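A quick write-up on the structure given underneath.
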Amino acid sequence: MASLTNGLFPILKGLLFAFIGFLVGSIIAIAITSVTNFPLTEPLITLGYLFALIGWLMGVGMWKVWGKEWFGLNSVPHDNSGGWKRYFRFCTDHKVVGIQYLVILLVVFFLAGALSMLMRLELTDGKQNLFNLTDYNTLMSLHGIMMIAVVVAIFMGGFANYVVPLMIGARDVAFPRVNALSFWVVPPVAVLLLLTPLFGGFDTGWTAYPPLASKNATGGLLFVLAFLTFGVSSILGGLNFLATIIKLRAPGMTWGRVPIFVWGVLGASVIALIATQWVAFALLMIILERTAGMRFFSPVDGVGGNALLFEHVFWFYSHPAVYIMALPGFGFILESISTFSKKPVFAYSWVVKAIFGIVFLGFIVWAHHMFTSGMQLWLHAPFMFLTELISIPTGIIFLAGLTTMWKGKISLKTPFLFSTAVLFNFTIGGLTGIYLADVATDLYLQDTYFVVAHFHYTMVGGVVFAFFGAFYYWFPKITGKMYNEGLGKLHALLLLITFNLTFMTMFWPGLQGMNRRVAVYPDTFSDINGWVTIFAILLGLSFLPFILNIIISLWKGTKAPNNPWGGKTLEWETTSPPSIENFDVIPTVQSSPYIYDDESVKHAIFNKNKA
Amino acid sequence: MLNKDFLITLFLWIIFTLIGEIGLFSVQDHIFPIQGSEEAIFIDDAFFLLTVLSVPIFTLVCVMLGYSFMNFRASKNKIASQSADKQSVKQILYWKWGWLIVSTVLCLSVLVHPGFTGINELFAHEDKTPDLTVSVTGQQWAWSYQYIDTDNLDDSVTIRGSKETVVLPNNSLIRFHITAPENDVLHSFWIPAFRTKIDVIPGMYTALNINTNRIGNYDEDVNYRVQCAELCGMGHSMMSNKVSVVSKEEFEKWLSQKKK
Numbered sequence: 006m007a008s009l010t011n012g013l014f015p016i017l018k019g020l021l022f023a024f025i026g027f028l029v030g031s032i033i034a035i036a037i038t039s040v041t042n043f044p045l046t047e048p049l050i051t052l053g054y055l056f057a058l059i060g061w062l063m064g065v066g067m068w069k070v071w072g073k074e075w076f077g078l079n080s081v082p083h084d085n086s087g088g089w090k091r092y093f094r095f096c097t098d099h100k101v102v103g104i105q106y107l108v109i110l111l112v113v114f115f116l117a118g119a120l121s122m123l124m125r126l127e128l129t130d131g132k133q134n135l136f137n138l139t140d141y142n143t144l145m146s147l148h149g150i151m152m153i154a155v156v157v158a159i160f161m162g163g164f165a166n167y168v169v170p171l172m173i174g175a176r177d178v179a180f181p182r183v184n185a186l187s188f189w190v191v192p193p194v195a196v197l198l199l200l201t202p203l204f205g206g207f208d209t210g211w212t213a214y215p216p217l218a219s220k221n222a223t224g225g226l227l228f229v230l231a232f233l234t235f236g237v238s239s240i241l242g243g244l245n246f247l248a249t250i251i252k253l254r255a256p257g258m259t260w261g262r263v264p265i266f267v268w269g270v271l272g273a274s275v276i277a278l279i280a281t282q283w284v285a286f287a288l289l290m291i292i293l294e295r296t297a298g299m300r301f302f303s304p305v306d307g308v309g310g311n312a313l314l315f316e317h318v319f320w321f322y323s324h325p326a327v328y329i330m331a332l333p334g335f336g337f338i339l340e341s342i343s344t345f346s347k348k349p350v351f352a353y354s355w356v357v358k359a360i361f362g363i364v365f366l367g368f369i370v371w372a373h374h375m376f377t378s379g380m381q382l383w384l385h386a387p388f389m390f391l392t393e394l395i396s397i398p399t400g401i402i403f404l405a406g407l408t409t410m411w412k413g414k415i416s417l418k419t420p421f422l423f424s425t426a427v428l429f430n431f432t433i434g435g436l437t438g439i440y441l442a443d444v445a446t447d448l449y450l451q452d453t454y455f456v457v458a459h460f461h462y463t464m465v466g467g468v469v470f471a472f473f474g475a476f477y478y479w480f481p482k483i484t485g486k487m488y489n490e491g492l493g494k495l496h497a498l499l500l501l502i503t504f505n506l507t508f509m510t511m512f513w514p515g516l517q518g519m520n521r522r523v524a525v526y527p528d529t530f531s532d533i534n535g536w537v538t539i540f541a542i543l544l545g546l547s548f549l550p551f552i553l554n555i556i557i558s559l560w561k562g563t564k565a566p567n568n569p570w571g572g573k574t575l576e577w578e579t580t581s582p583p584s585i586e587n588f589d590v591i592p593t594v595q596s597s598p599y600i601y602d603d604e605s606v607k608h609a610i611f612n613k614n615k616a
Numbered sequence: 011m012l013n014k015d016f017l018i019t020l021f022l023w024i025i026f027t028l029i030g031e032i033g034l035f036s037v038q039d040h041i042f043p044i045q046g047s048e049e050a051i052f053i054d055d056a057f058f059l060l061t062v063l064s065v066p067i068f069t070l071v072c073v074m075l076g077y078s079f080m081n082f083r084a085s086k087n088k089i090a091s092q093s094a095d096k097q098s099v100k101q102i103l104y105w106k107w108g109w110l111i112v113s114t115v116l117c118l119s120v121l122v123h124p125g126f127t128g129i130n131e132l133f134a135h136e137d138k139t140p141d142l143t144v145s146v147t148g149q150q151w152a153w154s155y156q157y158i159d160t161d162n163l164d165d166s167v168t169i170r171g172s173k174e175t176v177v178l179p180n181n182s183l184i185r186f187h188i189t190a191p192e193n194d195v196l197h198s199f200w201i202p203a204f205r206t207k208i209d210v211i212p213g214m215y216t217a218l219n220i221n222t223n224r225i226g227n228y229d230e231d232v233n234y235r236v237q238c239a240e241l242c243g244m245g246h247s248m249m250s251n252k253v254s255v256v257s258k259e260e261f262e263k264w265l266s267q268k269k270k
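Take a look at the structure:
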């Protein structure tokens with residue numbers, strides 16, 4: 006018991022400091038609003054939250070290992086040992102941070118999945134059944150933003166953190182304390198989002214378009230604060246991986262020898278660092294609209310701006326953001342297809358170019374979300390042109406996936422099944438994307454269920470499938486235990502079938518004229534939606550083997566060898582799980598990580614004498 | 011390059027593509043909702059063309075995945091494996107460049123049609139004088155419509171609220187002038203039977219041009235409805251009106267009745 010309270014002490018301290026911070030922020034807010042005569046509630050929540058966030062971070066341990074230095078005091082040196090207690094304090098070990106991310110995001114994933122089940126129950130037929138209209142909007146918006154958070158960070162926060170330093174032969178990331186900071190702002194995001202229903206919910210969807218986002222219930226403010234906080238985490242993460250991958254590669258790891266997953270993370274980091282700042286500004290402007298009465302996006306009384314401005318700035322982040330989600334996933338599937346086919350990644354250098362082609366093009370296609378927005382007509386053609394160009398580099402990545410396994414020695418392990426499922430699903434997601442990039446068809450399909458089906462094919466069919474593939478792939482490395490192969494394959498098969506049934510069916514109501522984000526719809530769409538609901542519930546149930554598998558494997562899984570898959574990248578060269586310092590000796594890289602046909606060539610050697 | 015695996019895959023790809031295309035063409039008349047405007051016919055044709063082009067790409071991925079799963083498993087492929095890594099440099103080059111060129115050509119051709127041709131076609135009526143102009147105002151959570159009488163603005167007919175039916179003349183170019191009050195939020199004006207939609211922006215005007223081409227109404231098909239298509243808060247899903255397209259004569263009769 007004493008050990009338990011001892012272990013949770015940083016959390017309790019964080020909560021206490023957050024409370025004190027909230028009081029401080031409230032007092033400042035009261036002082037300001039007493040001068041400006043502006044309504045108190047929202048400034049109080051905003052400033053209270055800001056100081057509570059600082060208090061929380063300091064309480065969980067940032068003050069001890071970092072904050073003291075800012076005031077000329079001596080900080081405590083990093084201590085990354087200590088069993089389970091490490092996970093409940095400001096710990097700078099990249100492996101701890103990775104696991105912290107994975108666990109919290111899996112929890113959020115299952116919560117948001119449960120919300121989607123409630124949505125589907127409401128949508129079983131066209132009438133209003135379980136929820137009133139406002140509650141449905143809140144439900145839908147929460148599902149959206151929580152899942153967005155999961156797919157943005159599950160690779161970048163979870164696996165990139167755990168695996169990238171191992172893959173490049175480093176002892177940690179470049180800025181370990183920034184890394185811990187980027188994780189510890191995430192729990193407040195989850196708390197804020199889960200509190201929104203108590204403050205009237207929010208009914209804007211995750212896109213938060215003003216003027217609605219500036220004038221809805223206070224839940225909307227909580228959502229914007231949460232999104233902004235999450236953006237900060239994403240920016241810090243992107244910065245950290247850029248520095249890590251550029252500066253901390255092991256000796257001999259030239260750019261041509263960097264594993265393809267690391268390239269995917271590098272591409273995503275560029276986007277996370279540059280693009281996220283834009284959405285942060287846009288959200289900050291909404292907060293100022295709400296708390297200080299400024300008018301950036303709504304033209305009330307002839308003063309103020311234009312709602313289209315927000316859409317431009319928002320999509321300038323949110324389109325590239327889908328590549329923050331997708332690129333590490335693409336990197337992973339090529340990595341695992343190579344490992345399980347025992348063949349090098351096909352056209353490696355082209356894939357790298359394709360990744361950066363996507364990064365570049367991703368920044369200049371945002372207005373394809375706005376063909377029906379009322380923006381200037383002459384913008385249609387160039388944005389359609391640029392958007393459809395993305396199909397070319399994406400095609401190269403597909404070519405690499407398909408040809409890497411061609412004539413390989415394939416072993417059908419669970420991660421391989423998930424990776425090939427990504428190729429199948431993302432083909433459908435990509436092809437249906439063309440209908441939305443084409444102006445003519447988009448004018449019809451925009452804001453219908455066709456769009457909903459399309460982005461679930463890319464986000465779930467692409468990123469979530471890749472995530473589960475990665476989960477099984479690195480599970481032995483992270484936990485030191487093998488998972489149950491039979492249950493894993495069952496999970497892959499059930500998920501593939503139920504996912505495709507659900508979202509393939511969903512294209513149909515979209516094409517037939519059913520718009521999205523509605524709780525109530527014309528009765529003609531009831532039958533097909535009834536089917537979607539049944540399939541969606543089966544999709545939810547398909548996660549049971551996964552949960553069972555984790556429990557069984559952690560409880561009595563066999564001990565994992567260092568290299569269960571015969572992979573060549575560096576994370577397989579160390580123990581499972583790796584020691585605190587990752588490697589006894591820093592490896593010296595000698596060749597590409599994908600040479601399978603010549604046993605005499607080693608990717609890296611560990612020269613103990615040098616150390 | 012012309013080995014057994016390649017030829018079988020090629021054969022399977024052609025077979026599955028043919029099956030897919032034949033299936034697609036046989037359901038061509040059943041996949042689209044009612045086509046209430048010239049624009050609808052163009053957009054549906056574009057949709058169909060894109061689907062026809064998607065089929066071979068989809069079947070290629072499926073056939074390559076399926077064939078690899080069946081034939082390149084480690085347990086079945088012990089002998090062939092040694093040569094796997096030693097694909098000739100030339101062969102890899104063919105594949106890479108072939109794929110790049112084909113995907114680029116495909117991409118550019120759909121850009122021309124239905125891409126640029128679609129933009130030209132669907133926005134061609136911006137400068138023409140419409141047969142009928144309707145001023146539409148979106149508000150949380152109802153539409154109001156003002157049928158503009160170009161001779162005498164005071165004679166314009168206004169209808170309001172979700173109980174009203176929006177009556178429109180057949181075989182006419184109809185221009186909707188759309189806005190929302192400055193203190194309102196975004197909406198989107200959409201009649202699914204006509205396909206195209208345009209957002210409603212507080213304090214700004216947007217326009218939508220429709221060429222009606224058939225008589226029809228909500229009771230015949232629910233896509234004869236005005237539907238808000240941009241989330242606008244609580245009543246978003248209810249922000250709807252029935253639409254009825256009638257002959258020009260009937261429309262004039264209806265309008266003059268409303269004027270009284």
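Protein chains in written order, with this note's numbering: chain A, 6 to 616; chain B, 11 to 270. Quick reminder that beta carbons are idealized off the backbone N, C-alpha and C, glycines included. In this text, all values refer to a predicted model and were calculated from it rather than measured experimentally.
Inset, instruction - Take A:Ala57 and list the residues in its own chain whose beta-carbon comes closer than 6 angstroms to its own, dropping the five residues that flank it on each side. - result: Ala23, Gly26 and Phe27
Legend entry - Through-space distance from A:Phe188 to A:Thr234, alpha-carbon basis: 11 angstroms
Inset, instruction - Using beta-carbon positions only, say whether B:Phe16 and B:Thr69 come within less than 8 angstroms of one another. - result: no
Legend entry - Reduced DSSP secondary structure (H/G/I, E/B, other) of B:Ala94: Any reading at B:Ala94 is ruled out, since the residue's pLDDT is 46, under 50, leaving its predicted position unreliable.
Legend entry - Cβ-Cβ distance between B:Ile53 and A:Ala445 below 8 angstroms: yes
Inset, instruction - State the Cα-Cα distance for the pair B:Thr19 and A:Gly413, rounded to the nearest angstrom. - result: 16 angstroms
Legend entry - Residue burial classification, A:Val267 (beta-carbon count within 10 angstroms, cutoff 16): buried
Inset, instruction - Give the residues of chain A in contact with B:Ile208, contact being defined as C-beta atoms less than 7 angstroms apart. - result: Thr377 and Gly379
Inset, instruction - Starting from the Cα of B:Met80, find the closest Cα among A:Ile397, A:Leu123 and A:Trp411 and give me that residue. - result: A:Trp411
Inset, instruction - Quick one: grab the DSSP three-state call for A:His83. - result: coil
Legend entry - Through-space distance from B:Leu163 to B:Pro179, alpha-carbon basis: 19 angstroms
Inset, instruction - With DSSP collapsed to three states, give me the class of A:Val350. - result: coil
Legend entry - Cross-strand partners of B:Leu218 (DSSP beta bridge): B:Phe186
Inset, instruction - Taking only runs that begin and end inside the segment 434–521 of chain A, name each unbroken beta strand (DSSP E) of 3 or more residues, in chain order. - result: none
Inset, instruction - Could you name the residues of the segment 341–365 of chain A whose beta carbon sits closer than 8 angstroms to any beta carbon of chain B, in the order they occur along the chain? - result: Ser346, Lys347, Lys348, Pro349, Phe351, Ala352 and Trp355
Inset, instruction - Closer than 8 angstroms, Cβ to Cβ, to anything on chain B: give me those residues from the segment 405–428 of chain A, in chain order. - result: Leu407, Thr408, Met410, Trp411, Lys412, Gly413, Lys414, Ile415, Ser416, Leu417, Thr425 and Leu428
Inset, instruction - Output yes if chain B places a C-beta closer than 8 angstroms to the C-beta of A:Gln517; else output no. - result: yes
Inset, instruction - Using 10 angstroms around the beta-carbon of A:Ala273, count the other beta-carbons present and answer buried if the total reaches 16, otherwise exposed. - result: buried
Legend entry - Alpha-carbon to alpha-carbon, B:Ser113 and B:Arg205: 29 angstroms
Inset, instruction - Indicate whether at least one CB of chain A lies closer than 8 angstroms to the CB of B:Leu142. - result: no
Inset, instruction - Leaving out five residues on either side along the sequence, give the residues of the same chain with a beta carbon under 8 angstroms from the beta carbon of B:Ser154. - result: Val146, Thr147, Thr168, Ile169, Arg170 and Gly171
Legend entry - Whole-Å CB distance - A:Ile483 paired with A:Val364, under 8 angstroms assumed: 28 angstroms between Cβ atoms; not a contact.
Inset, instruction - Measuring only between beta-carbons, confirm whether A:Pro569 sits less than 8 angstroms from chain B. - result: no
Legend entry - Option nearest B:Ile102 by Cα separation, candidates A:Ile539, A:Ala405 and A:Glu578: A:Ala405
Inset, instruction - For A:Tyr54, write down the residues that DSSP places opposite it in a beta bridge. - result: Per DSSP, none; premise fails for A:Tyr54.
Inset, instruction - Taking the CB atoms as reference points, tell me whether B:Phe57 and A:Tyr440 lie closer together than 8 angstroms. - result: yes
Legend entry - Status (buried if at least 16 other CB within 10 Å, exposed otherwise) for A:Trp260: exposed
Legend entry - chain A contact for B:Leu22 (CB, 8 angstroms cutoff): no
Legend entry - Paired residues, beta bridge with A:Phe388 - DSSP: DSSP, once it has assigned bridges, lists no residue as partnering A:Phe388.
Legend entry - Cβ pair A:Phe345, A:Phe421 closer than 8 angstroms: yes
Inset, instruction - Measure the alpha-carbon distance for A:Phe286 versus A:Met161 and round it to whole angstroms. - result: 22 angstroms
Legend entry - Completely contained beta strand (DSSP E) runs for the segment 236–273 of chain A, where each covers 3 or more residues: none
Inset, instruction - Determine, using beta carbons only, whether B:Trp109 comes closer than 8 angstroms to chain A. - result: yes
Inset, instruction - With DSSP as the reference, label B:Gly171 as helix, strand or coil. - result: coil
Legend entry - For B:Val232, the three-state DSSP class (helix, strand or coil): coil
Legend entry - Alpha-carbon to alpha-carbon, A:Ile552 and A:Leu559: 11 angstroms
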